[in-house]
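Note that the numbering used here has the sequence shown beginning at 1420, numbered continuously upward.
Beta carbons: idealized from backbone N, C-alpha and C, even for Gly.
On a predicted model such as this, the values are computed, not experimentally measured, just so you know.
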Amino acid sequence: MNEWGKSIFAAESVVLIGASDQPGSLGHLFVQNMLGSYRGELYFVNPSRRTIANRTAYSSLADTPKTIDLAVILVPPQAVEGVIDECIACGARAAVIISGGFAETGPDGARVQQRIADKAGAAGLRLVGPNCFGIINTGNGLNASLGLGLPAPGGVSLVTQSGAYGMAAFTCSQQGEIGFAKVLALGNRSDVNEVEALRFLGEDTETRVIAMLLESVSDGRAFYQTARETTVLKPVIVLKTGRTHSAQRAAASHTAALADEYAITEAALRQAGVRVVEDGRSLLDVAAALDQQPPLKGRRVGIITNSGGVGVELTDLLEEQGLAVPLLSSALQDRIRRHLPAYGSATNPIDVTTDWPRFPEMYGASLGALLASDEVDAVIAVLLHRSALAPEVGAALMAELQDARRLGCGKPLHVCWVAGRDAEANRERLVRAGVPCHTWTRNTASTLAHCLEPQRQPIVDGNARMLPMPRGIAADGWVATGEIFGLLQSAGLPVVPHRIVENVQEAVATATALGFPVVVKGIRAGLVHKSKAGAVVLNISDQDALAETLLRLERDLGPGSYLIQAQVSAGSEWLLGAIQDLDYGPVVLFGPGGVWAEALSDVTMRVAPFGEDEALSMITAIRCPLFLDGLGLSTPVDRQALASLLAKLSFWVSSVPWLRDLDLNPVIFNEHGFHVVDVRMRVAMGRSIG
């Protein structure tokens, strides 16, 4: 356990500063919590009291009889800075500031918070908060939180930036649905942040599963790297709020328009092996399921149900989530059918029908057969009404599961619970035995899908040589087209043959060398979207047409340069983009390009650099994979060549920290391969991007 984690979660002595014996007060709640469970030395500080709960109440921290490991600060905000000074003077190792009234209130509160953090940092005093729910360690009974009573113990550790979710976790724990090892509410993150929390819990032997609610990420690149390391050791589930608010970026490029803050964060988390969920209920359900049952190693699911309709509905929902409900082999069906009535079905879903007296036998035998087979990777038992009401059914499931575990079976069992309150005691027995019970079909399918083991690609070496900033940069950061093509060509990207010319004579010579037909693009300062301005002319077939085109463009656009390109035959069009994100660093985007780029907004993203395996997963993750097959209109895409191109681009953008955003759109794929046809690039002017 690292030092700050030990000071907070393994504190051998704790002082409550602002403790109270007044019922209903914050100080009284914390006194109740700590007296009820904490197994270390506990001290109270309140200058207005001599005793609290029949214990000595000290006037100040300096009056306590020993050096304190952890101070829990419950005083009004205007008194917090003085208390921190006292903690520093007395040698306290860490402090949890429950009090609010700091950065969340505005600039004045933020300045006070920063001053407190600076003092603590200089003295080596670690801080959690301010404005936080508190901390919990069920292992030693430490409950310095706003939740009344200690939650049930378990292997899930929760990190939250929302106090309300701390309360929600308590509710679920008290209902027996989840057990916690530790809870850490970060509050305003004046010191300890989500990166340190993730690293600590990744090393913590009492934590089997990490669940995190994040409103923002203070250092995206560090969080991504820590998550990659941690998910190899244990599951990490993240709920990131703020999906509907796009980042405030200028959207002059397709890449910038498509790469909002949430999309980048979600892509980075998934790439790191994190399971990303969309609501708090799912966060806790998935965490509990992964704590109680093994992760899902494959996509094949066996279903046992006493309702054919629910079985079909569940099958649809599972397949929508990317899982499969396969037809069982004849041999396995025969083994199961021996325990079913004549009108039952052993195909999958296994329908035990309405033969109520035989439910325990049928559910138990079917589960045993599925767990012992190599035809499914997980089992869902639907317990609907009568099967849920019979305690013998749950007992049969638990007995078969225990037998399978003794034989080394690592398949998960989940229950789809469709029953009323009159069956609640039976559900609770299953949950206490470590069998996750999900209400209704959609929740069951979603939770099991999130339990699927993430595919992790090897980490590639990102220590690329940094390249200098290019020439030809306008005041607003846009880079000259010819300069961009030169950079990409040097990086080994398949740039279409081209040349920048200044007049008709140079244009004719270039077109003759390239071979007609050619494309002409007008290059003018501030002209970013050339097609919209009528500055792109295709299929110029001879010298006369070329001369006429240049004269017209000069008349419409004014004098300037021209890009002459070889005409590329038609094919599928793709967007390859990149940005230097302020949080996550270089990020590469991929999706359908041309007119489809923003019309579909179908892009996938990865933090750069990455290898070809990661690029392949990126390619196949688009929502419209039929585009890759050409839709009968163009040559099917060479996915391996595209993966190589994306990986090459990812390494290049990792070597250009001055990049703001880059569009390669379209990149045309035809029978001759890939061709980078048009490009746009901006550099980050006047700010440092690492």
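With DSSP run on the structure shown, which of helix, strand or coil describes residue i?
{"i": "Leu2111", "result": "As shown, the chain starts at 1420 and ends at 2109. That puts residue 2111 outside it, with no answer to give."}
{"i": "Ala1944", "result": "coil"}
{"i": "Ala1490", "result": "strand"}
{"i": "Arg1469", "result": "coil"}
{"i": "Asp2021", "result": "coil"}
{"i": "Ala1775", "result": "The residue you asked about is not Ala; residue 1775 is Trp in the sequence shown. If DSSP states are grouped into helix, strand and coil, Trp1775 belongs with the helices."}
{"i": "Ser1439", "result": "coil"}
{"i": "Ala1513", "result": "strand"}
{"i": "Gly1901", "result": "helix"}
{"i": "Gly1717", "result": "coil"}
{"i": "Leu1802", "result": "strand"}
{"i": "Gly2092", "result": "strand"}
{"i": "Ala1750", "result": "helix"}
{"i": "Asp1770", "result": "strand"}
{"i": "Asn1559", "result": "coil"}
{"i": "Asn1862", "result": "helix"}
{"i": "Thr1734", "result": "helix"}
{"i": "Ala1765", "result": "coil"}
{"i": "Ile1597", "result": "coil"}
{"i": "Pro1496", "result": "helix"}
{"i": "Asp2048", "result": "helix"}
{"i": "Ala1522", "result": "helix"}
{"i": "Val1914", "result": "strand"}
{"i": "Ser1792", "result": "coil"}
With DSSP as the reference, please indicate the residues paired to residue i in a beta bridge.
{"i": "Tyr1981", "result": "Val1920, Gly1941"}
{"i": "Tyr1477", "result": "Val1464"}
{"i": "Arg1694", "result": "Ile1656"}
{"i": "Cys1856", "result": "Val1834"}
{"i": "Glu1992", "result": "Ile2087"}
{"i": "Gln1999", "result": "Pro2005"}
{"i": "Lys1425", "result": "Lys1425 pairs with nothing; no bridge assigned."}
{"i": "Thr2054", "result": "None, per the DSSP bridge assignment."}
{"i": "Phe1642", "result": "According to DSSP, which records beta bridges pairwise, Phe1642 is partnered with nothing at all."}
{"i": "Thr1579", "result": "Ala1604, Leu1632"}
{"i": "Pro2011", "result": "Trp1993"}
{"i": "Arg1545", "result": "Ala1513"}
{"i": "Leu2078", "result": "Val2102"}
So the candidates are the options; which of them puts its Cα closest to the Cα of residue i?
{"i": "Gly1827", "options": "Met2100, Gly1853, Leu1849, Ala1791", "result": "Ala1791"}
{"i": "Gly1990", "options": "Ser2036, Arg1974, Leu2052", "result": "Leu2052"}
{"i": "Ile1492", "options": "Glu1738, Gly1519, Lys1485, Gly1510", "result": "Gly1519"}
{"i": "Gly1459", "options": "Ala1481, Ile1471, Ser1432", "result": "Ser1432"}
{"i": "Met2024", "options": "Gly2049, Leu1994, Val2014", "result": "Leu1994"}
{"i": "Val1744", "options": "Asn1845, Glu1505, Ala1797", "result": "Ala1797"}
{"i": "Val1434", "options": "Asp1710, Phe1463, Ala2018", "result": "Phe1463"}
{"i": "Val1628", "options": "Val1531, Ala1708, Pro1776", "result": "Ala1708"}
{"i": "Ala1539", "options": "Asp1822, Ser1592, Arg1512", "result": "Arg1512"}
{"i": "Phe2029", "options": "Val2006, Leu1982, Glu1794", "result": "Val2006"}
{"i": "Gly1553", "options": "Ala1541, Leu1567, Ala1542, Gly1543", "result": "Leu1567"}
{"i": "Gly1510", "options": "Ala1541, Asn1550, Glu1902", "result": "Ala1541"}
{"i": "Ala1926", "options": "Leu1620, His1758, Thr1968", "result": "Thr1968"}
{"i": "Thr1866", "options": "Val1695, Val1939, Ala1818", "result": "Val1695"}
{"i": "Thr1486", "options": "Ile1507, Arg1469, Leu1816, Ile1471", "result": "Ile1507"}
{"i": "Val1854", "options": "Trp2077, Gln1924, Arg1943, Gly1813", "result": "Gly1813"}
{"i": "Arg1974", "options": "Ala1616, Arg1846, Arg1943, Tyr1477", "result": "Arg1943"}
Under DSSP, the beta strand (DSSP E) around residue i begins and ends at which residues?
{"i": "His1447", "result": "Careful: His1447 lies outside any beta strand (DSSP E), inside the alpha helix (DSSP H) at 1445-1456."}
{"i": "Trp1836", "result": "1832-1837"}
{"i": "Arg2101", "result": "2098-2102"}
{"i": "Val1705", "result": "Taken as a continuous stretch (DSSP letters only), Val1705 belongs to no beta strand (DSSP E), being part of the alpha helix (DSSP H) at 1699-1711."}
{"i": "Met1631", "result": "1628-1633"}
{"i": "Asn1725", "result": "First-last for Asn1725: undefined, no H or E at that position."}
{"i": "Asn1607", "result": "Per DSSP, Asn1607 belongs to no beta strand (DSSP E) and is neither H nor E."}
{"i": "Asn1845", "result": "Asn1845 -> not in any beta strand (DSSP E); alpha helix (DSSP H) instead, spanning 1843-1851."}
{"i": "Val1956", "result": "1955-1959"}
Taking the alpha helix (DSSP H) that residue i falls in, what are its first and last residues?
{"i": "Arg1618", "result": "1613-1622"}
{"i": "Met2037", "result": "2031-2039"}
{"i": "Arg1971", "result": "1962-1976"}
{"i": "Pro1810", "result": "1810-1825"}
{"i": "Ile1535", "result": "1526-1542"}
Taking only beta-carbon atoms, is residue i less than 8 Å away from chain B?
{"i": "Gln1580", "result": "Chain labels in this structure do not include chain B; a single protein chain is all it has."}
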